[in-house]
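If you read the protein sequences in the order shown, they are chains C and D.
Heads up: the first sequence begins at 710 in the numbering used here, then just goes up one per residue.
Heads up: the second sequence begins at 2 in the numbering used here, then just goes up one per residue.
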Amino acid sequence: MDFLLANPALLIASVMVAATPILLASIGELITERAGVLNLGVEGMMITGAICGFAAAVGTDNPALGFLAAAAGGALLSLLFAILTQFALANQVASGLSLTLFGLGLSSLIGQSYGGLNPPRAYRLDIPGLSDLPFVGRAFLQHDLMVYVSLLLVAGVWVFLNYTRAGLILRAVGENHDAAHALGYKVVLIRIAAIAFGGACAGMGGAYLSLIRVPQWTDGMTAGAGWIALAIVVFASWKPWRALLGAYLFGGITVLQLNMQAAGVNVPVQLLSMSPYVITILVLVVISARSGGAGAAPASLGRIFHVTQ
Amino acid sequence: MKRRTLLASAAALALASGAAFAQDVTKVGFVYVGPVNDGGWSQHHHEAAMKMKEHFGDQVELVEQASVPEGADAERVLTQMALGGADLIFTTSFGYMDPTINVAAKFPDVKFEHATGYKTADNVSAYSARFYEGRAIEGFLAGHMSKTGKIGYIGSFPIPEVIRGINSSYIHAAKVNPDIEISVVWISTWFDPAKEADATQALLDQGVDVVLAHTDSTAPLAILKEKGGFGFGQAADMYEYAPEPRISSIIDEWAPYYIERVQAVIDGTWKSHNTWQGIGDGMVGIGEITGPVPAEVKAEAEKMVEDIASGAYHPFTGPLNKQDGSAWLADGEVADDGTLAGMNFYVEGITGDIPQ
């Protein structure tokens, strides 16, 4: 497999770029689900973030403002879901699905006049001396800043969930909202914050697509990335570092099979494309076998919380 | 049983009301595989539909449905359109072929036109464009413009239309540069900008410097613009990426055909047919050749466009062998439409296998 030896640095660089949008979206959804809320609207929040970010970046000629606008757009949209599920006590699955449909339509509406435009270029990391290192530099140290932001975010979420009091409270809400409520925690407020965080991350993931990975605005351009992010959360069994692993695995296999094809290696494309999903199913089976059917999902995931109950 | 009767009576009712209106307004439906602003395939069908609507004004009522997945969902959409009183429905992607045939069997009075397929029925026409004629021009330009001697082709699905495009591109690139290599990447979708971008990046990483895309979005051109290399507009002119990386394009000209067929329905002269039109008929357009293409190469390419249009030159002219080295076309022999329509093999010189 001389193609791997020829260009491993380029391959690693491509994998990191391909994985970043789904990593951002899945780390946001991970927090939402750890708070006990199942938001299936990731796809809709991503695409809304993609157009909000694109519009803001083109309007201000500043990619950083684009990402901020994307986070704001995604969070704002997710608040719609929060109102439906936290105040109106609507079914989370149905609300999430409709959020996806709504997001796709809304982004299409906002994006009507943005086709064919070029966004401003994002800042790239350039550490004198280090970024020009032969292998490490090209593979790891020449990316746009969002790649590193996403990695920091994973580390931050891990610290938050495992080493902070706030993280512990969030997990308590996700595991048993009645107990958390009895202890005096504001279940609904905490969940709304978690939902908004998930929306902001998904929005940034979408903007990464429209500003860096593709870079252009096209209707429906997320093309299912939000659903992959949801699968990654399950694959990760709701743990941040495993989400990183999952995103790089999902992104990596896509890029790897495209590169192998480009290099003329005969690969069973269909088998490789479905392998991450097969692994996800296997992970689910292993988890539930190990824990005697209980699973690793937060115990209150998807359940409606009402104070009087 | 009860439900079926209900459905049938609803259909009869819809058809009856459709017929009552037929004197004044002809209802024409369009189904697209992608969004109507994908910048490529679906957008071009949509724009042709709008031109058709403009041509007929109030005589025609237009119904459109975008981003319809190929498969069971397409049948639902088509059934709904037929029940809604459509007189003529255009289904504009290869994967709608079987759904179109199935739904057409249930609505014998509704007329269907399916793009790029090969199945027909009494009320189903097939129409397609000879895109491989345009691919010949692109291959020729790619052969000239590639410095690395490697060109890339992003394929959606291994169907005859795409395989014809790969073969035609390669044959004409190899005429210019016999050592040219073509890398084919299959991405199993018509529309996924991120995947199209990744595939372009993967090709560039392997030393490819001219990319021909057979997918619907402008993502490959966006990557080429940023990273360098040349590409082509696909389905639409994509002139926003000219003068480079886009150095020419294949433009689908559907509007004249749509106007002709809607007119036939209005006149009551519509008949099922299977048509395949090329540059000469005006269904395939070649966009302006731009960028750093040398003047003599440009002139030669334009001459080739004329020759194909006039019928003086056929892009599949022998001697040509199949990939395994077996003889296909003798010297001067021209491929027949039957073989082209069902093409499932690479010509000699292309490496790699067609996924099964």
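Cβ coordinates follow ideal geometry from the N, Cα and C atoms, glycine included.
- Taking a C-beta cut-off of 8 Å against chain D, the contacting residues of the region 941-974 of chain C are T963, V964, L967, N968, Q970, A971, A972 and G973, listed in chain order.
- A direct Cα-Cα distance of roughly 57 Å separates D:D338 from C:P949.
- Proximity of chain C to D:A203 at the Cβ level (cut-off 8 Å) is accounted for by S723, V964, L967, N968, Q970 and A971, in chain order.
- Closest option to D:M305, judged by alpha-carbon separation, among D:K176, D:W329, D:Y33 and D:V26: D:K176.
- Separation of the CB atoms of D:M146 and D:V186 is rounded to 19 Å, and the pair is thereby denied contact status at 8 Å.
- Separation of the CB atoms of C:Q970 and C:S982 is rounded to 11 Å, and the pair is thereby denied contact status at 8 Å.
- Identification of chain C residues near D:Q278 by a Cβ-Cβ cut-off of 9 Å yields none; the smallest Cβ-Cβ distance measures about 28 Å.
- Of all residues in the region 184-196 of chain D, only S184, V185, V186, W187, I188, S189, T190, F192, D193, P194, A195 and K196 place a beta-carbon less than 8 Å from a beta-carbon of chain C.
- The straight-line gap separating the alpha-carbon atoms of C:Q821 and C:M930 is approximately 13 Å.
- Ranking D:A236, D:D217 and D:D199 by CA distance to the CA of D:L225 puts D:D199 first.
- Annotation: the continuous alpha helix (DSSP H) that includes C:G955 extends over P949 to A971.
- Taken in chain order, the complete beta strand (DSSP E) segments of 3 residues or longer contained in the region 282-355 of chain D are 285-287 and 328-330.
- For D:G166, the CB contacts under 7 Å within the same chain, skipping 5 residues up- and downstream, are F132, Y133, R136 and H215 in chain order.
- Around D:P356, the beta-carbon contacts reaching into chain C at under 7 Å are V978.
- Counting only residues of its own chain and dropping the five nearest sequence neighbours on each side, C:V992 has a CB closer than 6 Å to the CB of F944.
- Exclusion of the five residues before and after C:G846 leaves L839 and S840 as the residues of its chain whose Cβ lies within less than 7 Å of its Cβ.
- DSSP places D:V26 in no alpha helix (DSSP H); its state is neither H nor E.
- Taking a cut-off of 8 Å on C-beta distances, the region 756-771 of chain C touches the region 812-819 of chain C, as three or more cross pairs fall below it.
- Within the model, the alpha-carbon separation for C:D770 versus C:G912 is close to 19 Å.
- The region 51-61 of chain D makes contact with the region 251-263 of chain D, as at least three CB pairs between them are under 8 Å.
- Look at the beta carbons and you see the region 901-909 of chain C touching the region 783-793 of chain C: at least three pairs across the two are nearer than 8 Å.
- Annotation for D:P109: D123 and N124 place their beta carbon closer than 8 Å to its own, counting only its chain and skipping 5 residues before and after.
- Interface annotation, C:D853: not in contact with chain D, CB-CB separation never under 8 Å.
- Contact annotation: C:G961 and C:A734 have beta-carbon atoms that are not nearer than 8 Å.
- In this structure D:Q357 is exposed. Its beta-carbon is surrounded by fewer than 16 other beta-carbon atoms within 10 angstroms.
- Nearest CB-CB separation between C:M930 and chain D: below the 8 Å threshold.
- Sequence-distant Cβ neighbours of D:V285 in its own chain, meaning closer than 8 Å and more than five residues away, are A130, R131, F132, E134, G135, I251, I252, D253, E254, Q278 and G279.
- In the DSSP assignment, C:A902 falls within the alpha helix (DSSP H) that extends over V896 to Y917.
- For D:I183, DSSP records a beta bridge to D:I152.
- Beta-carbon to beta-carbon, C:Y894 and C:A940 are separated by about 30 Å, too far to satisfy the 8 Å threshold.
- Proximity of D:T219 to chain C, defined by a Cβ-Cβ separation below 8 Å, is satisfied.
- DSSP places C:W936 inside the alpha helix (DSSP H), whose first and last residues are A934 to F944.
- Look at D:Q207 here: in three-state DSSP terms it is coil, with no helix or strand label.
- The Cβ atoms of D:L222 and D:P246 lie closer than 8 Å to each other.
- Interface residue (Cβ-Cβ distance to chain C less than 8 Å): D:A73 is not classified as such.
- Going by DSSP, D:W42 is part of the alpha helix (DSSP H) stretching over W42 to F57.
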